[in-house]
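Enquirer: FYI, the numbering for the first sequence is 7 to 785, going by this note's numbering.
Even glycine gets a Cβ: it sits at the ideal position worked out from N, Cα and C.
No experiment lies behind these values; they were computed from the predicted model shown.
I have a structure here, written as structure tokens, and I will follow up with some questions on it.
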Amino acid sequence: MKLDFWLLDLNHDAHEGKSAIWLWGVTRDNKRVLVIDANFQTSFYLLPKKGQDIDQLKERIEREKPHPSVERADIEQKKRLGEDRQVLKVSCKDPDNLEKCARDCVKQLGVEASFEDKLRYSIKYQIEFEIRPCQWYKVEGTESSIDPRKYHVDRVFETSGHPTSIPRENAPKLRLLSFSILSVSPTGSPSPIRDPVCLVAWKKKDGQANTIQSEKTSDNELIEEFSQAHQKFDPDVVFSFGGNTFDWPYLIKRADRTKAKLSVGRDDGPARQSLYGHFSLTGRANVDLQDFSGDLYDVKIKTVENVARFLGVEASTPTIDETEYYDHWIGKDRPALVEQMKARAISIFNVGDDALDYTLQLSNLSALPPDQVLAAAVGFRVDSYLLMEARKLGELIPARSELNIIPYKGAIVLEPSVGLHDNVAVLDFSAMYPSLMVKYNISPDTLVDEGGDDALEVPEVGHHFRKNPPGFYKIVLSQLIASRQAAKKEAAKTPRGTPEHKILKAREKATKVITNATYGYAGWAGSRWYSREVAESAAALGRDTINKSIDIAKNLGLHVLYGDTDSLFVEYEEKLVNQFIKEIDKNLGLEINLGQLYKRILFTEAKKKYAGLLEDGELDIVGMEAIRGDWSNLARSIQNEVLKLVLQGGNPTEAKSYVQSLVKDLESFKVPKSSLVIWKTLTKRPDEYEVNAPHVEVARKMAKEGWPVTVGDKVGFIVTKKPGKLYQKAEPHFKVSLGQVDYDYYVHNQIVPAAARVLEVFGIHEEDLLEPSRGQVNL
DNA sequence: GCCTTATGTATACCA
DNA sequence: ACTGGTATACATAAGGCG
Numbered sequence: 007m008k009l010d011f012w013l014l015d016l017n018h019d020a021h022e023g024k025s026a027i028w029l030w031g032v033t034r035d036n037k038r039v040l041v042i043d044a045n046f047q048t049s050f051y052l053l054p055k056k057g058q059d060i061d062q063l064k065e066r067i068e069r070e071k072p073h074p075s076v077e078r079a080d081i082e083q084k085k086r087l088g089e090d091r092q093v094l095k096v097s098c099k100d101p102d103n104l105e106k107c108a109r110d111c112v113k114q115l116g117v118e119a120s121f122e123d124k125l126r127y128s129i130k131y132q133i134e135f136e137i138r139p140c141q142w143y144k145v146e147g148t149e150s151s152i153d154p155r156k157y158h159v160d161r162v163f164e165t166s167g168h169p170t171s172i173p174r175e176n177a178p179k180l181r182l183l184s185f186s187i188l189s190v191s192p193t194g195s196p197s198p199i200r201d202p203v204c205l206v207a208w209k210k211k212d213g214q215a216n217t218i219q220s221e222k223t224s225d226n227e228l229i230e231e232f233s234q235a236h237q238k239f240d241p242d243v244v245f246s247f248g249g250n251t252f253d254w255p256y257l258i259k260r261a262d263r264t265k266a267k268l269s270v271g272r273d274d275g276p277a278r279q280s281l282y283g284h285f286s287l288t289g290r291a292n293v294d295l296q297d298f299s300g301d302l303y304d305v306k307i308k309t310v311e312n313v314a315r316f317l318g319v320e321a322s323t324p325t326i327d328e329t330e331y332y333d334h335w336i337g338k339d340r341p342a343l344v345e346q347m348k349a350r351a352i353s354i355f356n357v358g359d360d361a362l363d364y365t366l367q368l369s370n371l372s373a374l375p376p377d378q379v380l381a382a383a384v385g386f387r388v389d390s391y392l393l394m395e396a397r398k399l400g401e402l403i404p405a406r407s408e409l410n411i412i413p414y415k416g417a418i419v420l421e422p423s424v425g426l427h428d429n430v431a432v433l434d435f436s437a438m439y440p441s442l443m444v445k446y447n448i449s450p451d452t453l454v455d456e457g458g459d460d461a462l463e464v465p466e467v468g469h470h471f472r473k474n475p476p477g478f479y480k481i482v483l484s485q486l487i488a489s490r491q492a493a494k495k496e497a498a499k500t501p502r503g504t505p506e507h508k509i510l511k512a513r514e515k516a517t518k519v520i521t522n523a524t525y526g527y528a529g530w531a532g533s534r535w536y537s538r539e540v541a542e543s544a545a546a547l548g549r550d551t552i553n554k555s556i557d558i559a560k561n562l563g564l565h566v567l568y569g570d571t572d573s574l575f576v577e578y579e580e581k582l583v584n585q586f587i588k589e590i591d592k593n594l595g596l597e598i599n600l601g602q603l604y605k606r607i608l609f610t611e612a613k614k615k616y617a618g619l620l621e622d623g624e625l626d627i628v629g630m631e632a633i634r635g636d637w638s639n640l641a642r643s644i645q646n647e648v649l650k651l652v653l654q655g656g657n658p659t660e661a662k663s664y665v666q667s668l669v670k671d672l673e674s675f676k677v678p679k680s681s682l683v684i685w686k687t688l689t690k691r692p693d694e695y696e697v698n699a700p701h702v703e704v705a706r707k708m709a710k711e712g713w714p715v716t717v718g719d720k721v722g723f724i725v726t727k728k729p730g731k732l733y734q735k736a737e738p739h740f741k742v743s744l745g746q747v748d749y750d751y752y753v754h755n756q757i758v759p760a761a762a763r764v765l766e767v768f769g770i771h772e773e774d775l776l777e778p779s780r781g782q783v784n785l
């Protein structure tokens, strides 16, 4: 019997006392299915020393069995650092003892090394049969005698062979659920040791937001009621915002305390902590959108609502602060809080719905299941992708090992030409590092000791790389670049606004993310294919490329105003720019594209900080305080206004008077408290800091008052009139009243520096902004 | 002991 | 736990002065 299914999640579990892979999926007729593949035996490789007789080794392994779980050994051809090598694939009965088994074999046989013995059973399965989640498969087998209701599926299937992929087709209709919990405490933030969950809000695809509320001191009933509702809806994807750090651990601890059964997985189990610190629900995808928001660098303060606004999906802004939850819950304002929680569930749902295509595409490309892929750091996404590709290419997969890092020289940033410029074009190399790695075959397996006709010597750093055959990085990067081009091309042919278009864009974005991270991966100490020479050479070739481009531009008479890593900002002359693009292609064999066009642009004296006026009249601000998350909104919006006056109106004098008027009597403007809050990330525990800093001091104060802040959280503070150092003047934002605000600080250390950063360019200094009498006459 | 300057720590940004 | 390059603020140590 044959079965077609779309793979949502997979895990390793026993089946009839044997190790098996459990594949959770959805069929074409929209049924949920559990596919059990108990026919996989894991294995590792042994690389003999040169001169060792491989047939003899094979015979010895099978006869001596260095470890009881050795099943048999087979001879295979593999590649190791560009060399063809014969290896032994040792099959192993017991996946839990793979590493030990490999160690014993290496010791007893005196071979060079073992490979792939540290890879988990399910990963081995994935690379062996090219199993990527979020894709269609067909498989042979029979209907199982297991009751499907036991696993919240419609069918349980036992395979006779292994799944084979079906060429690209879209995902089935998945059941989506979002949820968020609420707990309150009179003394600060709630603690699962003390405070029960008092509300769960959720939203499913079609329908309104729902809640379960509880008055009781025990949330036993609430947890079980939620479990029932959850299982009844039987979601495929569960969205949360902060679920991995708050909702799930809280629910688990509460369930443990009150002896409630938290049943949310398809196995009726709870959420379980997994590989990347995230939580997994068996047979479902638990997607924490806070992880997704981590990739959105433009969203400075990561709330669901900010993420929703950024994505352009619907979300209502909450009005009740976390510190007011308790009073609302026990008081007459509870309905407002309940509404806010419902709105939160809706916002989470909308963000999740929007982020789903990207999540599934990134999961499919990287081969990390959808519940892991967002939780995994970029390096591990690349790692997982490379594992799959390495196996396809017959490369032995090295183990990850943390080496001591030797830093190397990176990119070039040009000195900006300070001031205002009209009609400026940005020329960007497309995927510069990947393109260079492909063009010059930069890879650990093409690195050679000696130069020669068949090798390239990298300028500046002097490493040599063979031109042929193509190395590992060249092959994978070429594939990625080609697949991104294909997605791009197809997207261009597909009508905008259609689901297909969105999927193709998501595919393109996922491919881009993996492509662009590969250079960094090569230079990451934790990488399997770490090579400082590779990373260093890519960087050196990048510098060489940008330097040559500057010369080409100059020879054409193009005026270069600025540049950073892979871009050049030039005075825009259409004919010259087109010529330049052709020259780069001809002389360097690389693609450079016309990027942003600025009607007018302002460069400050600092690198990496500029602001430009776009064709449509919008400002594009880069690196400046106006877009930094660690400046008050007050300073940010004033700098933004100053930039507008300068770039749109061309009027620094007006900008100057604007700032002066604010500075003169800031207090009288009655700016809202929220615009005075300065947010900074706590990057370690408060006691680990070497020097006193305002946000650390505030974090300590908050912890003392029952609002502990954990690593990675943003701490919001306002500077008060209290005497002393800044860190003594800073107070938690929610505790400060407008009367306590040190407006002098905001004038001297926020508004004036932010405004002067722009106005310095026109000879307007900080003093001029502070002392109007010495400046020009105001209008 | 007080003031100025140099250095170190911390954060967020650009590509 | 992808890389290096850069700006900036504030705390603190070091240096200079009387």
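With distance defined between alpha-carbon atoms, name the residue in 435, 301 and 386 nearest to residue 836.
Expert: Because the chain here runs from 7 to 785, residue 836 falls outside it and cannot be looked at.
Enquirer: Roughly how many angstroms lie between the CA atoms of residue 381 and residue 510, to the nearest whole one?
Expert: As a working mapping, residue 381 is identified with position 375 in the first sequence. As a working mapping, residue 510 is identified with position 504 in the first sequence. Whole-angstrom Cα-Cα distance: 23 Å.
Enquirer: What number of angstroms, rounded off, separates the C-alpha of residue 264 from the C-alpha of residue 237?
Expert: Taking the first residue of the first sequence as 1, we reach residue 264 at position 258. Taking the first residue of the first sequence as 1, we reach residue 237 at position 231. Distance between the alpha carbons of residue 264 and residue 237: 20 Å.
Enquirer: What alpha helix (DSSP H) runs, 4 residues minimum, are completely inside the stretch 460-543?
Expert: 478-499 and 505-528
Enquirer: Report the rounded CA-to-CA distance for residue 626 versus residue 431, giving the unit in angstroms.
Expert: Numbered from its first residue, the first sequence carries residue 626 at position 620. Numbered from its first residue, the first sequence carries residue 431 at position 425. When rounded, the distance between both Cα atoms is 13 Å.
Enquirer: Using CA atoms only, rank isn't needed, just tell me which of 533, 563, 537 and 574 is closest to residue 551.
Expert: Stepping through the first sequence from its first residue, residue 551 is reached at position 545. When each option's Cα is compared against that of residue 551, the closest is 574.
Enquirer: Let me know the secondary structure DSSP gives residue 1 once reduced to three states.
Expert: Only positions 7 to 785 of the chain appear in this structure, which leaves residue 1 out of reach.
Enquirer: DSSP three-state call for residue 447: helix, strand or coil?
Expert: Numbered from its first residue, the first sequence carries residue 447 at position 441. Reduced to three states, the DSSP call for residue 447 is coil.
Enquirer: Is residue 760 near residue 673, with beta carbons less than 8 Å apart?
Expert: By 1-based counting over the first sequence, the position of residue 760 is 754. By 1-based counting over the first sequence, the position of residue 673 is 667. Not a contact, by the Cβ cut-off of 8 Å.
Enquirer: With distances taken Cα to Cα, identify the nearest neighbour of residue 497 among 515, 480 and 330.
Expert: Locating residue 497 in the first sequence gives position 491, where the first residue counts as 1. Answer by Cα proximity: 515.
Enquirer: With a cut-off of 8 Å on the beta carbons, I'd call residue 658 and residue 768 a contact; round off their distance for me.
Expert: Along the first sequence, one-based indexing puts residue 658 at 652. Along the first sequence, one-based indexing puts residue 768 at 762. Rounded, the Cβ-Cβ distance is 4 Å, consistent with contact.
Enquirer: Which residue wins for smallest C-alpha separation from residue 346, given the options 415, 328 and 527?
Expert: Counting from 1 along the first sequence, the entry for residue 346 is found at position 340. With distances taken between Cα atoms, residue 346 lies closest to 328.
Enquirer: Beta-carbon within less than 7 Å of residue 603's beta-carbon, same chain only, minus the 5 sequence neighbours each way: which residues are those?
Expert: Position 597 of the first sequence, counting from 1, holds the residue named residue 603. Closer than 7 Å at the Cβ level, and outside the excluded window around residue 603, lie 431, 578 and 621.
Enquirer: Considering only C-alpha positions, which residue in the set 45, 715, 370 and 302 is nearest to residue 691?
Expert: Counting from 1 along the first sequence, the entry for residue 691 is found at position 685. Among 45, 715, 370 and 302, the Cα nearest to that of residue 691 belongs to 715.
Enquirer: Between residue 48 and the rest of its own chain, which residues show a CB-CB distance below 7 Å, the 5 nearest in sequence each way excluded?
Expert: The sequence position of residue 48 within the first sequence is 42, counting from 1. For residue 48, the CB contacts under 7 Å within the same chain, skipping 5 residues up- and downstream, are 98, 101, 104, 127 and 130 in chain order.
Enquirer: Write down the C-beta distance between residue 206 and residue 185 rounded to the nearest angstrom, noting that I regard them as a contact closer than 8 Å.
Expert: Residue 206 sits at position 200 when you count from the first residue of the first sequence. Residue 185 sits at position 179 when you count from the first residue of the first sequence. Contact holds; Cβ gap of about 6 Å.
Enquirer: By alpha-carbon positions, which one of 379, 226, 122 and 211 ends up nearest to residue 268?
Expert: Taking the first sequence and counting its residues from 1, the one referred to as residue 268 is at position 262. Residue 226 is the option with its Cα nearest to residue 268.
Enquirer: Determine the closest residue to residue 241 out of 638, 14 and 720, with distance taken between C-alpha atoms.
Expert: Residue 241 sits at position 235 when you count from the first residue of the first sequence. The option with the nearest alpha carbon to residue 241 is 14.
Enquirer: Determine the burial state of residue 248: buried for a count of at least 16 other Cβ atoms within 10 Å of its Cβ, exposed for fewer.
Expert: One-based indexing of the first sequence puts residue 248 at position 242. Residue 248 comes out buried.
Enquirer: With DSSP as the reference, label residue 275 as helix, strand or coil.
Expert: Reading the first sequence from its first residue, position 269 is the one you call residue 275. Coil, per DSSP.
Enquirer: Applying the criterion that 16 or more other CB atoms from any shown protein chain within 10 Å of the CB defines a buried residue, is residue 779 buried or exposed?
Expert: Along the first sequence, read from residue 1 onward, the residue named residue 779 stands at position 773. At residue 779 the pLDDT is 48, less than 50, meaning the model places this residue with poor confidence; the figure from the coordinates comes in the next sentence. It counts as exposed.
Enquirer: Can you have a look at residue 593 and say buried or exposed, based on whether 16 or more other CB atoms are within 10 angstroms of its CB?
Expert: Mapped onto the first sequence, residue 593 falls at position 587. With fewer than 16 Cβ atoms within 10 Å of its Cβ, residue 593 is classed as exposed.
Enquirer: Which value, in whole angstroms, describes the spacing of the CA atoms of residue 21 and residue 493?
Expert: What you label residue 21 is simply residue 15 of the first sequence in a count that begins at 1. What you label residue 493 is simply residue 487 of the first sequence in a count that begins at 1. Rounded to whole angstroms, residue 21 to residue 493 spans 40 Å at the Cα level.
Enquirer: Under the three-state reduction of DSSP, which class applies to residue 16: helix, strand or coil?
Expert: Here the question's residue 16 lines up with position 10 in the first sequence. Strand at residue 16.
Enquirer: The beta strand (DSSP E) that contains residue 392, what's its start and end?
Expert: The residue labelled residue 392 in the question sits at position 386 within the first sequence. No beta strand (DSSP E) contains residue 392, which is instead part of the alpha helix (DSSP H) from 384-398.
Enquirer: Assuming contact is defined by CB atoms lying nearer than 8 Å, are residue 465 and residue 546 in contact in what I supplied?
Expert: As a first step, residue 465 must be located in the first sequence, where it is residue number 459. As a first step, residue 546 must be located in the first sequence, where it is residue number 540. Yes, Cβ-Cβ distance for residue 465 and residue 546 is below 8 Å.
Enquirer: Within the chosen definition, does the stretch 160-176 reach the stretch 345-365 through at least 3 CB pairs nearer than 8 Å?
Expert: no
Enquirer: For the alpha helix (DSSP H) containing residue 701, list its first residue and its last residue.
Expert: Indexing the first sequence from 1 puts residue 701 at position 695. First-last of the alpha helix (DSSP H) with residue 701: 700-710.
Enquirer: So is residue 250 buried or exposed if we call it buried at 16+ other beta carbons inside 10 Å?
Expert: If you number the first sequence from 1, residue 250 lands on position 244. Answer is buried; the Cβ neighbour count reaches 16.
Enquirer: Is residue 168 helix, strand or coil by DSSP?
Expert: Walking along the first sequence from the start, residue 168 turns up at place 162. Coil, per DSSP.
Enquirer: Relative to the C-alpha of residue 786, which residue among 84, 86 and 96 is closest?
Expert: With the chain covering only 7 through 785, there is no way to say anything about residue 786.
Enquirer: Taking the straight line between their C-alpha atoms, what separation do you get for residue 531 and residue 407?
Expert: As a position in the first sequence, residue 531 is number 525, starting the count at 1. As a position in the first sequence, residue 407 is number 401, starting the count at 1. Distance between the alpha carbons of residue 531 and residue 407 is about 8 Å.
Enquirer: Just mark residue 607 as buried or exposed, buried being the case when its beta carbon has 16 or more other beta carbons within 10 Å.
Expert: Sequence index remark: in the first sequence, residue 607 carries index 601 (1-based). Result: buried.
Enquirer: Between residue 121 and residue 403, which are expected to be in contact by the criterion C-beta below 8 Å, what is the C-beta distance as a whole number of angstroms?
Expert: Translated into positions along the first sequence, residue 121 becomes position 115. Translated into positions along the first sequence, residue 403 becomes position 397. With a Cβ gap of about 6 Å, residue 121 and residue 403 count as contacting.
Enquirer: At the level of alpha carbons, what is the spacing between residue 472 and residue 80?
Expert: Here the question's residue 472 lines up with position 466 in the first sequence. Here the question's residue 80 lines up with position 74 in the first sequence. Roughly 32 Å separates the two Cα atoms.
Enquirer: Taking the beta carbon of residue 645 as the centre, do at least 16 other beta carbons fall within 10 Å, making it buried, or is it exposed?
Expert: On the first sequence, residue 645 is found 639 positions in, with the first residue counted as 1. Label assigned to residue 645: buried.
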